[in-house]
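Peer 1: Numbering (mature numbering (1 follows the signal peptide of the UniProt record, and there is no 0)), first residue to last: -25 to -1, 1 to 116.
Shown below is the structure under consideration.
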Amino acid sequence: MPQIRAVLAAAGGLLCLALTLPASAGIVAQVDQSRQRMRVYVNGALSHDWPVSTARSGYVTPNGNFRVGLMAPMWRSHKYHGSPMPHAMFFRGGYAIHGTYSVGQLGRRASHGCVRLAPGHASRLFSLARSYGGASVVIRR
C-alpha cells in the first residue's frame, strides 16, 4: 500500500506531499544520468542493469519520480520528423523511455531528452511494465 509523507523543501519551506511506494511496487526503472545506466527492479529486486542515453548538451532529461502513462509498441515522434520510438513508455508529457537503433551511442548523452535503450532492452522493459500494470520511473543526475 502506498504511503503519503510530507516533505519540507529546503527552498522556501514549501510543504509538498510525496507518494512513497513500497519496495515491492512492481516495476521501477531507475535512471542514473551521471553513469548513463538504468537499473530495473522487479518487486524490489534488481533484475536488469542497462546502458542508456539521456539528453545531450542543450537538451534536458527531467529529474524526478514519475509514473508511466501512455505506452505504445511503436510510436513516431511528432516533434522530430517521425523518428521511430519503439516500445515507447511516456512518463512526463513528451518524454519517454524507448528503444533506439543508434546503439553505438548508448552509455553517453545523445538524446533530445528521452531515455534511450537498446531495442531488446526496451522491449523487455515494455513487457514487464505491461504485465505488472505499469511502472515507476526515477531519474537522478
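For every residue, glycine included, the Cβ atom is placed at its ideal position computed from N, Cα and C.
For a minimum of 4 consecutive residues, which ranges assigned as the alpha helix (DSSP H) are wholly contained in the segment 67 to 113?
Peer 2: Those alpha helix (DSSP H) runs which fall completely within the segment 67 to 113 and span 4+ residues are 94 to 107.
Peer 1: Classify residue 49 as buried or exposed, calling it buried when 16 or more other Cβ atoms lie within 10 Å of its own Cβ.
Peer 2: Residue 49 should be labelled exposed.
Peer 1: Please state the DSSP three-state secondary structure of residue 122.
Peer 2: An answer regarding residue 122 cannot be provided, because it is not within the stretch -25 to 116 covered by the chain.
Peer 1: Residue 1 and residue 17: beta carbons closer than 9 Å?
Peer 2: Yes, these two residues count as a Cβ contact at 9 Å.
Peer 1: Among residues of its own chain, excluding the 5 on either side of residue 39, which ones have a beta-carbon nearer than 7 Å to its beta-carbon?
Peer 2: So the list reads 114, once near-sequence residues are dropped.
Peer 1: Going by CA-CA distance only, name the one from 61, 3 and 68 that's closest to residue 76.
Peer 2: Considering only alpha carbons, the answer is 61.
Peer 1: Measuring straight from C-alpha to C-alpha, what distance separates residue 21 and residue 15?
Peer 2: Cα-Cα distance, rounded: 6 Å.
Peer 1: Once the 5 residues before and after residue 87 are set aside, which same chain residues still bring their CB inside 6 Å of it?
Peer 2: The answer, listed in chain order, is 34.
Peer 1: Provide the residue span of the beta strand (DSSP E) that contains residue 40, from first to last.
Peer 2: From DSSP, the beta strand (DSSP E) with residue 40 extends over 39 to 42.
Peer 1: Would residue 90 and residue 36 qualify as a contact pair, given that the criterion is a beta-carbon distance under 9 Å?
Peer 2: Yes, they are a contact pair.
Peer 1: Based on DSSP bridge pairs, tell me the residues matched to residue 5.
Peer 2: Bridge partners of residue 5: 14 and 113.
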